[in-house]
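K.L.:
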Amino acid sequence: RALIAKDPRHTDVLFPYLNGQDLNSRPDCSGSRWVVNFHDWPEDRAKRYRDCYDQVRLLVKPERDLNRFSKSARERWWRYERSRPELYGAIAGIGRVIVITLVSRTVMPVMVPTGQVFSHMLGVFATDDTAMLALLSSSPHYWWAASRASSMKADLRYTPSDVFETLPLPELTGEMRELGEGLDGFRREAMLARQSGLTKTYNLVFDPGCNDADIAELREIHRLIDEATFRAYGWVDMIDRGLDHGFHPAGKYTRYTIGPWAQREVLDRLLELNHARYAEEVAAGLHEKGAKKKGARARAAASPDQGSLLDL
Numbered sequence: 004r005a006l007i008a009k010d011p012r013h014t015d016v017l018f019p020y021l022n023g024q025d026l027n028s029r030p031d032c033s034g035s036r037w038v039v040n041f042h043d044w045p046e047d048r049a050k051r052y053r054d055c056y057d058q059v060r061l062l063v064k065p066e067r068d069l070n071r072f073s074k075s076a077r078e079r080w081w082r083y084e085r086s087r088p089e090l091y092g093a094i095a096g097i098g099r100v101i102v103i104t105l106v107s108r109t110v111m112p113v114m115v116p117t118g119q120v121f122s123h124m125l126g127v128f129a130t131d132d133t134a135m136l137a138l139l140s141s142s143p144h145y146w147w148a149a150s151r152a153s154s155m156k157a158d159l160r161y162t163p164s165d166v167f168e169t170l171p172l173p174e175l176t177g178e179m180r181e182l183g184e185g186l187d188g189f190r191r192e193a194m195l196a197r198q199s200g201l202t203k204t205y206n207l208v209f210d211p212g213c214n215d216a217d218i219a220e221l222r223e224i225h226r227l228i229d230e231a232t233f234r235a236y237g238w239v240d241m242i243d244r245g246l247d248h249g250f251h252p253a254g255k256y257t258r259y260t261i262g263p264w265a266q267r268e269v270l271d272r273l274l275e276l277n278h279a280r281y282a283e284e285v286a287a288g289l290h291e292k293g294a295k296k297k298g299a300r301a302r303a304a305a306s307p308d309q310g311s312l313l314d315l
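Spelled out as structure tokens, the structure:
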């Protein structure tokens, strides 16, 4: 803030830095730190921001000089070594995106503003569609993630290539969009009112002993999101049978989610749908070469409402 007050131009290179700990622990899901980001600039351009440049030269360059494995890291020491231009290009012009901490017990996505630097331990979904927020907050997504992801201690380690890229997506509906928007707004207000982060808030959501009005409302929103997601997949028969929402074991924790039979059934149906879509891709010649397969993934990512037709 002092650097920006000294020279407003510093906003070109100073950004909030959001990591998983801040996302899960701060009531507004904001980053607690700032970083210098010279993008893909040449050194001469970075030098125009002398105070920030000197900070990086003092604190970063000595470490980069010791890097024996990357000539690029040594020679371009003022830049991020892995700057992920594809990510920032994909979210350019979007005011907010969906992010999820890659290692956590909650496995719960949130909407956050763009215009910040995202840690490598965050998964960033390049969309502002609250229907996608609803899908990623649903029980089908959680149980698919639990079946596909690895773990770190007792927490789930969310690997986008294993989880999201293999998840057969439904057509995102207006009902899901409305519920996702409601979840984002209500949860934000509840967390700020409690001064409680995402993890502490969902510890209460998953605690059968907590019946506070705002926590009970959050559970109800998630129940409605689950039903809307099942309808989007066309699985109304499961809703009719009863999804048995309640407090059920999820690894070493307890979670407010669908019941055991619904968990098993939804995994069977998602796997069957994944295989069917993969067969369609094979028939269309999209898996004959690695490049074609990669192109199919790019198209699926660009048009998530059309479904993710990917092999396991």
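Convert by adding 3 to the 1-based position in the sequence shown; the result is the number in this note's numbering.
Beta carbons are placed, not taken as given, at the ideal position from N, Cα and C, and that holds for glycine.
This structure is a prediction, so every number in the text was calculated from the model and none was measured.
#1: Check whether the region 40–50 touches the region 206–214, taking contact to mean three or more Cβ pairs, one atom from each stretch, closer than 8 angstroms.
#2: Once DSSP output is grouped into helix, strand and coil, what is the label at ARG77?
#3: Taking its Cβ as the centre, do 16 or more other Cβ atoms sit within 10 Å of TRP264, making it buried, or is it exposed?
#4: So, with DSSP's three-state summary, where would you put HIS251?
#5: Which residues share a DSSP beta bridge with ARG258?
#6: Would you give the residue range spanned by the alpha helix (DSSP H) that GLN161 belongs to?
#7: Taking C-alpha atoms, which residue in ASN277, ALA279, ARG244 and LEU276 lies nearest to GLY262?
#8: Quick one: what does DSSP say TYR83 is sitting in, helix, strand or coil?
#9: Can you give me the Cβ contacts of LYS50 inside the same chain, cut-off strictly under 6 angstroms, excluding the 5 residues immediately before and after it?
#10: According to the Cβ coordinates, are LEU201 and ASN40 closer than 8 angstroms?
#11: In or out: ALA231 buried (at least 16 other Cβ within 10 Å) or exposed?
#12: DSSP three-state label for THR14, please.
#13: Give the secondary structure of GLY118 by DSSP, where H, G and I count as helix, E and B as strand, and everything else as coil.
#14: Within its chain, find whatever has a CB closer than 6 angstroms to the CB of PHE233; leave out the 5 residues flanking it on each side and keep chain order.
#15: Provide the residue(s) that pair with TYR56 in DSSP beta bridges, ordered along the chain.
#16: What distance in whole Å lies between the Cβ atoms of VAL102 and PHE121, which are believed to be in contact at a cut-off of 8 angstroms?
#17: Just list the residues that DSSP pairs PRO19 with in beta bridges.
#18: Grab the span of the beta strand (DSSP E) containing ILE101 for me, first residue to last.
#19: Taking 7 angstroms as the limit between beta carbons, can you name the residues of its chain near LEU199, skipping five residues before and five after?
#20: Sort TYR91, VAL59 and ASN277 by Cα distance to ARG79 and report the nearest one.
#21: Hey, out of VAL113, THR109, VAL63 and ALA129, whose CA is closest to ALA95's CA?
#22: To which residues does DSSP link LEU333 through a beta bridge?
#23: CA-CA distance, PRO19 and SER86?
#24: Would you report the Cα separation of THR169 and ALA5, rounded to the nearest angstrom?
#25: Measuring alpha carbon to alpha carbon, tell me which of VAL285, ARG48 and VAL115 ends up nearest SER33.
#26: Can you give me the C-alpha to C-alpha distance between LEU190 and ARG48, rounded to a whole angstrom?
#27: How many Å lie between TYR161 and ALA148 at the Cα?
#28: From THR117 to ALA286, what does the alpha carbon distance come to, in whole angstroms?
#29: Using 8 angstroms as the threshold, is the C-beta distance between ASP187 and LEU136 below it?
#30: Nearest to PRO112 by alpha carbon, out of GLY23, PRO11 and ALA193?
#31: Assign ALA5 to one of three DSSP states: helix, strand, or coil.
#32: Between the alpha carbons of LEU90 and LEU21, how many angstroms are there, rounded?
#33: Output needed for LEU17: all residues of its chain with C-beta closer than 8 angstroms, excluding positions within five of it in sequence on either side, in chain order.
P.N.:
With the structure as the only source:
#1: no
#2: Residue numbering aside, residue 77 sits at position 74 when the sequence shown is read from its first letter. In this structure, ARG77 counts as helix in the three-state DSSP scheme.
#3: Numbered from its first residue, the sequence shown carries residue 264 at position 261. Answer is exposed; the Cβ neighbour count stays below 16.
#4: Along the sequence shown, one-based indexing puts residue 251 at 248. In the structure shown, HIS251 sits in a strand (DSSP, three-state: E or B).
#5: Looking up residue 258 in the sequence shown gives position 255. Paired residue(s): HIS251.
#6: Your numbering for residue 161 matches position 158 in the sequence shown. Inspection of the sequence shows that residue 161 is occupied by Tyr rather than by Gln. Note, TYR161: premise wrong, no alpha helix (DSSP H); not H, not E.
#7: As a working note, residue 262 is residue 259 in the sequence shown. It is ARG244.
#8: One-based indexing of the sequence shown puts residue 83 at position 80. Three-state result, TYR83: coil.
#9: Within the sequence shown, numbered from 1, the residue matching residue 50 stands at position 47. The residues are TYR56.
#10: As a working note, residue 201 is residue 198 in the sequence shown. As a working note, residue 40 is residue 37 in the sequence shown. No, Cβ-Cβ distance for LEU201 and ASN40 is not below 8 angstroms.
#11: Position 228 of the sequence shown, counted from the first residue, corresponds to residue 231. The residue in question, ALA231, is buried, as its Cβ has 16 or more Cβ neighbours within 10 Å.
#12: As a working mapping, residue 14 is identified with position 11 in the sequence shown. Three-state DSSP puts THR14 in a helix.
#13: Counting from 1 along the sequence shown, the entry for residue 118 is found at position 115. Coil at GLY118, not helix or strand.
#14: By 1-based counting over the sequence shown, the position of residue 233 is 230. Closer than 6 angstroms at the Cβ level, and outside the excluded window around PHE233, lie MET241 and ILE242.
#15: Position 53 of the sequence shown, counting from 1, holds the residue named residue 56. DSSP, once it has assigned bridges, lists no residue as partnering TYR56.
#16: By 1-based counting over the sequence shown, the position of residue 121 is 118. By 1-based counting over the sequence shown, the position of residue 102 is 99. 7 angstroms between Cβ atoms; contact.
#17: Here residue 19 refers to the residue found at position 16 of the sequence shown. Answer is TRP37.
#18: Along the sequence shown, one-based indexing puts residue 101 at 98. Per DSSP, ILE101 belongs to the beta strand (DSSP E) from 99–104.
#19: Taking the first residue of the sequence shown as position 1, residue 199 is located at position 196. As written in the sequence, residue 199 is Ser, which differs from the Leu given in the question. Cβ within range, chain order: PRO30.
#20: Translated into the one-based positions of the sequence shown, residue 79 becomes position 76. The residue with the shortest Cα to Cα distance from ARG79 is VAL59.
#21: As a first step, residue 95 is located in the sequence shown; it is residue number 92 there, counting from the start. Here the closest residue by C-alpha is ALA129.
#22: Residue 333 lies beyond the stretch modelled for the chain, which goes from 4 to 315, so this question has no answer here.
#23: Your numbering for residue 19 matches position 16 in the sequence shown. Your numbering for residue 86 matches position 83 in the sequence shown. Computed Cα separation, rounded: 15 angstroms.
#24: Here the question's residue 169 lines up with position 166 in the sequence shown. Here the question's residue 5 lines up with position 2 in the sequence shown. Going by the C-alpha atoms only, they are around 46 angstroms apart.
#25: Position 30 of the sequence shown, counting from 1, holds the residue named residue 33. Nearest C-alpha to SER33: VAL115.
#26: Residue numbering aside, residue 190 sits at position 187 when the sequence shown is read from its first letter. Residue numbering aside, residue 48 sits at position 45 when the sequence shown is read from its first letter. Here the sequence assigns Arg to residue 190, which means Leu is not the residue at that position. Cα to Cα, the separation comes out at about 42 angstroms.
#27: Position 158 of the sequence shown, counted from the first residue, corresponds to residue 161. Position 145 of the sequence shown, counted from the first residue, corresponds to residue 148. One C-alpha to the other measures close to 7 angstroms.
#28: As a working note, residue 117 is residue 114 in the sequence shown. As a working note, residue 286 is residue 283 in the sequence shown. Approximately 39 angstroms between the Cα atoms of the pair.
#29: Looking up residue 187 in the sequence shown gives position 184. Looking up residue 136 in the sequence shown gives position 133. Yes, they are a contact pair.
#30: Stepping through the sequence shown from its first residue, residue 112 is reached at position 109. Checked all of GLY23, PRO11 and ALA193; the closest Cα to PRO112 is GLY23.
#31: Position 2 of the sequence shown holds residue 5. It is helical.
#32: Here residue 90 refers to the residue found at position 87 of the sequence shown. Here residue 21 refers to the residue found at position 18 of the sequence shown. If I take the Cα positions, the gap works out to 15 angstroms.
#33: Residue 17 sits at position 14 when you count from the first residue of the sequence shown. LEU6, ILE7, TRP37, VAL38, VAL39, ASN40 and CYS55.
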